Every structure is written in C-alpha cells, then in structure tokens.
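Residue numbers for the sequence shown follow our numbering, beginning at 16 and rising by one.
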Amino acid sequence: MTIGIKEDESVRKIQVTIDDETVRLLEALAVPRAGDKSVVVREAVRRMAEQEGFEQYLDWLERQPDVRMSLKKARADERQGRTVSHEQVLRRLRKSRCR
16 MTIGIKEDES VRKIQVTIDD ETVRLLEALA VPRAGDKSVV VREAVRRMAE QEGFEQYLDW
76 LERQPDVRMS LKKARADERQ GRTVSHEQVL RRLRKSRCR
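Rendered as structure tokens:
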C-alpha cells in the first residue's frame, strides 16, 4: 500500500515538467513524508481544489444582494471612520475579562 492512498483507489503514473525551484520545493516537502513526492503532489492538488471551491463560494456570496449591501455599508462606515481597530477590540476584550 502506498502512503496516502486507500487500498481500493486506483493509481496512475503521470509525467509532468517542472522548473528547478519547484523540484527543490517538492523534494524538501517530501523529506518528512518518507521521501514520497507523490504524497506531496496529491496533497497539493487536493488543497488547490479545495481553495478553488472556496473561491467559487466567495464569488457566489459576493453576488448575493444582501451581502453586497452589507459590504457596501461596511466600506462606507470604514471611509467615515465608524469602525473599531483590531487593537481597540483586543483592549476592550482584555478590560472586560479583568472585571
């Protein structure tokens, strides 16, 4: 059994062309994975597919009328200075925890 592949999964060998820097990165990432470059490639492709799905969701979300209005209002609030910085929020949280 190959690491990262279920017993009932079929596997195929493919050939790809990559530049020297990508080869270096692939080899470095394979070291803690028993030197298995296939594991690195499979994980990278899966992560890219997940990211692509997430980006499609964000694109869909931005097209929703309520979300668009909320984003528009948030941008206007930011331009008018009606926002609280991250640092201010953290200070407020720390103060409320001390009480």
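Note that beta-carbon positions come from the ideal geometry of N, C-alpha and C, so glycine has one too.
Note that this is a predicted model, so its numbers are computed, not measured.
Out of curiosity, what's the CA-to-CA distance linking residue i and residue j?
{"i": "R97", "j": "L40", "result": "45 Å"}
{"i": "K28", "j": "R78", "result": "40 Å"}
{"i": "A59", "j": "V26", "result": "16 Å"}
{"i": "E24", "j": "E93", "result": "51 Å"}
{"i": "V104", "j": "A91", "result": "20 Å"}
Tell whether a beta-carbon distance below 7 Å holds between residue i and residue j.
{"i": "V54", "j": "R48", "result": "yes"}
{"i": "K52", "j": "A45", "result": "yes"}
{"i": "V82", "j": "L76", "result": "yes"}
Taking the alpha carbon of residue i as the point to measure from, which residue in the options has its own alpha carbon closest?
{"i": "V31", "options": "V56, H101 and L86", "result": "V56"}
{"i": "Q95", "options": "G50, K87 and E102", "result": "K87"}
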